Amino acid sequence: MRLNRSAAALPLLLALAACARQAGSAVEHGPDTPGFLLGVWHGFIFPVAWVLSLFMPDVAIYAVPNNGGWYDFGYFVGIVFLGVGARSTRTVYRTRIVRTRD
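In mature numbering (1 follows the signal peptide of the UniProt record, and there is no 0), the protein residues as written are -20 to -1, 1 to 82.
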């Protein structure tokens, strides 16, 4: 049942993501645009930046303009490997061993 809901939600999420676009005039690539390392930093500080962005209109969680794919990859690395995604979600402790007779 859970798999069916996930399978139904996936096309809807992809359709929603397809609607996202950015104005070409807003993106200007230059030597001072954020790259991979700033993407890593912005991904790492994402939780704090997101909370601040709720209360401060001049704080954003994503740098525009940026240099494209390398910034995105750095942002991903910052979130998944260094930031929020790096925390362990569960710790398993082995407290007893059950022995069965053969």
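Built from N, CA and C at the ideal position, the CB exists for glycine as well.
Here the structure is a predicted model, which is why all the values come from computation and not from measurement.
Short Cβ contact (8 Å threshold) for residue i with residue j
i: Gly49; j: Phe24; result: no
i: Pro14; j: Asn47; result: yes
i: Val20; j: Gly54; result: yes
i: Phe26; j: Ile41; result: yes
Through-space distance from residue j to residue i, alpha-carbon basis
i: Val72; j: Tyr51; result: 36 Å
i: Arg74; j: Arg81; result: 21 Å
i: Val60; j: Trp30; result: 16 Å
i: Met36; j: Pro11; result: 28 Å
i: Val44; j: Leu17; result: 15 Å
i: Arg76; j: Leu32; result: 45 Å
i: Val39; j: Leu62; result: 21 Å
i: residue 90; j: Val78; result: As shown, the chain starts at -20 and ends at 82. That puts residue 90 outside it, with no answer to give.
Exercise. Residue ranges of each alpha helix (DSSP H) run of no fewer than 4 residues wholly in the region 11 to 56, ordered along the chain?
Worked result: 16 to 24, 26 to 35
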